[in-house]
Amino acid sequence: MKPLERIRIEKAAADCGFERQITLNEKGQLELRSAIFPEFICVELTPTGGYKLTSSAFALLHPHSMTGALQITGFEQLYQVLQHASAMARTIPNRVADVFSVDFHPEVTH
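Quick note on numbering: this note's numbering labels position 106 of the sequence shown as 712, and the sequence is numbered without any gaps.
Here it is in structure tokens:
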């Protein structure tokens, strides 16, 4: 992956809520993570210059993908998918209730 392309992906990830340090995994994919939620997205370049995304949770790419993997062609699509994935990760069932419980009832442990 060329440095400029990596910087573009890192910028898109940060803009969309994946603010933790981005790492290159053993498959050569960039792992996008957040301190707010445990799920993550992996991004790799395709031979045609597009992007292949995989996720640690099916819900992050749904409804864009029914298989947990997604191929997209443009940078605008990358932004759209990452924004959707971040929003979904923050609102996975029970996550909002758990955050509320911890914020307002810190003596309760889960």
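Glycine included, each C-beta is placed from N, C-alpha and C at the ideal position.
Query: From this set, K633, L651, D621, which residue's C-alpha is nearest P609's C-alpha?; Result: L651
Query: Using a Cβ-Cβ cutoff of less than 6 Å, which residues in the same chain neighbour S692 once the five nearest sequence positions on both sides are dropped?; Result: C622, G623
Query: Tell me the rounded alpha-carbon separation between M694 and F643.; Result: 10 Å
Query: Q635: which of I647, E625, A641 sits nearest, CA to CA?; Result: I647
Query: Check S692 in the structure and name its three-state DSSP category.; Result: helix
Query: Using 10 angstroms around the beta-carbon of A675, count the other beta-carbons present and answer buried if the total reaches 16, otherwise exposed.; Result: exposed
Query: So, helix, strand or coil for I698, using DSSP?; Result: coil
Query: Could you tell me the boundaries of the alpha helix (DSSP H) in which K576 lies?; Result: No answer is possible for residue 576: it lies beyond the span of the chain, which begins at 607 and ends at 716.
Query: In this structure, does DSSP put E650 in helix, strand or coil?; Result: strand
Query: Which first and last residues belong to the alpha helix (DSSP H) in which A665 is found?; Result: 664 to 667
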